[in-house]
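The block underneath contains the structure these notes are about, expressed in structure tokens.
2 protein chains.
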Amino acid sequence: MTGGSLAIVGLGPGPAKWLAPEASAALEAASDIVGYQPYLDRIPQRPGQQRHGSDNRVEIRRARDAVAMAAQGGRVAVVSGGDPGVFAMAAAVFEAIEAGEPAWRALDITVVPGISAMQAAAARLGAPLGHDFCAISLSDNLKPWDIVQRRLRAAAEADFVIALFNPASKARPETIHLAFKLLRGCKAATTPVAFARAIGREDERIVLITLGDAEPSIADMSTLVLIGSSETRFIERPGGPPWLLTPRTYGAGR
Amino acid sequence: MTGGSLAIVGLGPGPAKWLAPEASAALEAASDIVGYQPYLDRIPQRPGQQRHGSDNRVEIRRARDAVAMAAQGGRVAVVSGGDPGVFAMAAAVFEAIEAGEPAWRALDITVVPGISAMQAAAARLGAPLGHDFCAISLSDNLKPWDIVQRRLRAAAEADFVIALFNPASKARPETIHLAFKLLRGCKAATTPVAFARAIGREDERIVLITLGDAEPSIADMSTLVLIGSSETRFIERPGGPPWLLTPRTYGAGR
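Chains as they are written, first to last, in the numbering used here: chain B, 1 to 254; chain P, 1001 to 1254.
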């Protein structure tokens, strides 16, 4: 084994304005770029650089391939949308290392953080994450429904703002409906909800609504769903949709 | 009122490699930069640009000043460390707007997201945020202790990874100790804990430990504290501190 390296790079939500300089530099320096094909398509092709595109369903195989390439001396970049640390490739890579060859633990590995979809959505909406919050992935196959249920209940009990990642799934389309049904049972119908789809990209779409009126089936896999705390509110304004605010102080009016 | 604008800009954790291009552009275009003095000190001084530094304790006054300057036609940038949307200036600005002059709602306002301390810490540590997590600020004066307590209990019950922001306070130094005492009562003593201080800056310091052995008084206001879920674990490696992993799949071994 020679001195290969592996960078796990966050591409952010899409536009170049949100790509950190460290990420640009890692992409430029790479001999091999590994990732889900639509993410690779966002990156300028550089001469001499190999690309290894794959289907999104084989995260762990992609992670193993990337580590193995680095172990053979490559300067490998494996890319994620958003932040690789949040429900993304960083965990897949370290799972592959944990289960893989002992020599892999000696590799030079860097995680390059990126702006997550949650942050891009929050920025576009105003300040919905100004106070305590939680992030829950509804991705299928990664956890049993009873743990999702337990977490949604606890999040409501704690009065966290709730960010739902991966709200839609072909295999389990009912999950988001079950999640909304549960939350409607323990949070006010007037709670603000935002569906923030493909923020920063051409097909961006935002729907602001209340928990009582929300139609969860509008969420697809490019949508980040934000559900307010009891303090989250709309600020109406002329000439645009309302801003969404969760104030820094809790219980000020009580 | 003329056409002023206000950008609420995230500077990230410190180093230029984590400053998004949109943030650089907003700082360059500003006629006035408003912020906590140590954050202003990170930004190159440009000719003709006015700086308005202040003490950290007057967030809401700073927010009001920035909005008022924009209302008078300035191209104002108000800066935050990390992500302005996460426990930072975005909420303060929208609180100021909500309580302020009606004309302020017609202003051109942009939130420019940044890499948060939580993400920088996660990137340095491995993949601790690979699964569901919550973020709780222990900042004093912003919420009663009973809501912090309720949230910590709910976070333990939900088995979230827990990120604690602003863990130390001169006014209430006991808060972090109370938080650890509570968590020790409801989580395993072997739960991995990381104290990640000033990540990316010269005085960066990381302490990896378990919940049972942690000494919470080492956390200062530049420290992000991460407390694992029941699935979070260390991956030992030669020549460096262990990586921290929370796998994407929950309950795989049960």
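Heads up, the beta-carbon is just placed ideally off N, CA and C, and yes, glycines get one too.
- The beta carbon of P/G1010 lies closer than 7 Å to those of A1023, S1080, G1082, D1083, P1084, V1112, P1113 and G1114 in the same chain, with the five residues before and after it left out.
- Taken in chain order, the whole alpha helix (DSSP H) runs of length 4 or more contained in the stretch 96-138 of chain B are 117-125.
- P/A1252 has its alpha-carbon roughly 55 Å from the corresponding atom of P/M1069.
- Remark: three or more beta-carbon pairs, one from each stretch, lie closer than 8 Å, so the stretch 236-247 of chain B and the stretch 206-214 of chain B are flagged as touching.
- A straight-line Cα-Cα distance of about 9 Å links B/L178 and B/Q149.
- Contacts with chain P at 8 Å (Cβ-Cβ) include B/G239.
- Residues of chain P whose Cβ lies closer than 7 Å to the Cβ of B/I176 do not exist, since the nearest Cβ in that chain is about 16 Å away.
- Inter-segment contact for the stretch 119-126 of chain B and the stretch 1070-1079 of chain P is absent: fewer than three beta-carbon pairs are separated by less than 8 Å.
- For the stretch 225-252 of chain B, the beta-carbon criterion of a distance under 7 Å to any beta-carbon of chain P is satisfied by I235, R237, P238, G239, W243, L245, T246, P247, R248, T249, Y250 and G251.
- Contact annotation for P/V1009 against chain B: no contact, minimum CB-CB distance about 10 Å [criterion: below 7 Å].
- Near chain B, meaning a CB-to-CB distance below 7 Å, no residue of the stretch 1023-1038 of chain P qualifies.
- Distance from the Cα of B/L142 is smallest, within the candidate group P/N1141, P/P1144 and P/H1131, for P/H1131.
- When B/R197, B/F234 and B/A96 are compared, the shortest CA-CA separation from B/M221 is found for B/R197.
- Per the coordinates, the alpha-carbon of B/G14 lies some 42 Å from the alpha-carbon of P/E1174.
- Between the alpha carbons of B/E236 and B/V161 lies a distance of about 20 Å.
- By the rule that beta-carbons nearer than 8 Å mark a contact, B/A117 does not touch chain P.
- Burial is judged here by how many other beta carbons sit within 10 angstroms of a residue's own beta carbon; B/K187 has at least 16 and is buried.
- The Cβ of B/L129 sits closer than 8 Å to at least one Cβ of chain P.
- If you compare the alpha carbons of B/R184, B/A30 and B/D146 with that of B/Q45, the shortest gap goes to B/A30.
- One alpha carbon belongs to B/L182, the other to P/G1212, and they sit about 35 Å apart.
- Interface flag for P/W1145 against chain B is unset, since no Cβ pair is found closer than 8 Å.
- For B/Q37, the enclosing alpha helix (DSSP H) begins and ends at Q37 to L40.
- DSSP, reduced to helix, strand and coil, places P/Q1149 within a helical segment of the structure shown.
- Considering only P/T1249, P/F1180, P/T1191 and P/P1238, the residue with the shortest C-alpha distance to P/E1215 is P/F1180.
- Not a single CB atom of chain P sits nearer than 8 Å to the CB of B/L164.
- Against chain B, a Cβ distance below 9 Å from P/V1111 picks out A122, A123, R124, L125, G126 and A127.
- Annotation for P/T1175: the continuous alpha helix (DSSP H) segment containing it runs T1175 to C1186.
- Using a Cβ-Cβ cut-off of 7 Å, P/L1006 is close to nothing in chain B; its nearest Cβ partner there is about 12 Å away.
- Proximity of P/D1132 to chain B, defined by a Cβ-Cβ separation below 8 Å, is satisfied.
- The continuous beta strand (DSSP E) containing P/I1235 extends over residues R1233 to I1235.
- At a cut-off of 8 Å between C-beta atoms, P/D1083 counts as an interface residue with respect to chain B.
- At a cut-off of 8 Å between beta carbons, B/S137 contacts chain P.
- Taken through DSSP and simplified to helix, strand or coil, B/A90 comes out as helix.
- Residue range E59 to A71 is occupied by the alpha helix (DSSP H) that includes B/V67, with no beta strand (DSSP E) assigned at that position.
- Contact of B/E204 with chain P is not assigned, every C-beta pair being separated by 8 Å or more.
- Shortest Cα-Cα distance from B/R62 to any of B/R153, B/S230, B/I8 and B/L129 involves B/I8.
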